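For the sequence shown, the numbering used here assigns the number 12 to the initial residue and increments by one for each residue that follows. Backbone N, C-alpha and C fix where the C-beta goes; we use that ideal spot for every residue, glycine too. Quick caveat, the model's predicted, so the values are computed rather than measured.
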Amino acid sequence: MKESKNSDSPVTKKDGRGGARLNAGRPKGTTDRVTIAGLLGAIEDTNGQTYLEILAQDFAVARAHDRNLTQKYHHLILNKVAATLTNVEVVESDDAVAAKALAFQDALVKLQALTDSTK
12 MKESKNSDSP VTKKDGRGGA RLNAGRPKGT TDRVTIAGLL GAIEDTNGQT
62 YLEILAQDFA VARAHDRNLT QKYHHLILNK VAATLTNVEV VESDDAVAAK
112 ALAFQDALVK LQALTDSTK
């Protein structure tokens with residue numbers, strides 16, 4: 012007993028299992044139930060410390076007692092924090108730009124020669 016997909020009413024099935032249900036799901040216009048800002052705020056309200064302070068304390072405890080956990084903290088810090096601190100600046104001199112242009116021109120000449128020889 013399926014209704015057409017073009018109708019506005021939900022699909023009903025013979026055995027009563029599956030298919031769309033009226034008023035099912037989250038209401039339109041609702042936001043995420045848990046937000047990062049809300050979660051961090053709740054942690055700070057509960058403990059009286061920011062998440063970063065708690066993370067630093069946990070890292071200090073891990074260093075004193077558990078080598079494997081310390082390594083996990085190092086991976087966390089290196090992967091998430093250090094990546095945002097890395098700044099690479101590439102500066103090319105006029106000589107480098109000219110050398111690249113010359114190499115590109117030579118490559119085009121060789122490519123054209125190969126193309127001409129295959130014809």
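Apart from the five residues on each side of it in sequence, which residues of its chain come closer than 6 Å, Cβ to Cβ, to residue i?
i: residue 101; result: none
i: residue 15; result: Annotation note: pLDDT 49 at residue 15 (below 50); position unreliable, no value reported.
Assuming residue i and residue j are in contact, meaning their beta carbons sit under 8 Å apart, how far apart are those beta carbons, in whole angstroms?
i: residue 47; j: residue 54; result: So it is not a contact: roughly 11 Å between Cβ atoms.
i: residue 81; j: residue 73; result: 5 Å
Under 7 Å Cβ to Cβ from residue i, same chain only, skipping five residues before and after it: list those, please.
i: residue 51; result: 62
Within the region 20–94, ranges of the alpha helix (DSSP H) (whole runs, at least 4 residues): 47–58, 62–76, 78–87
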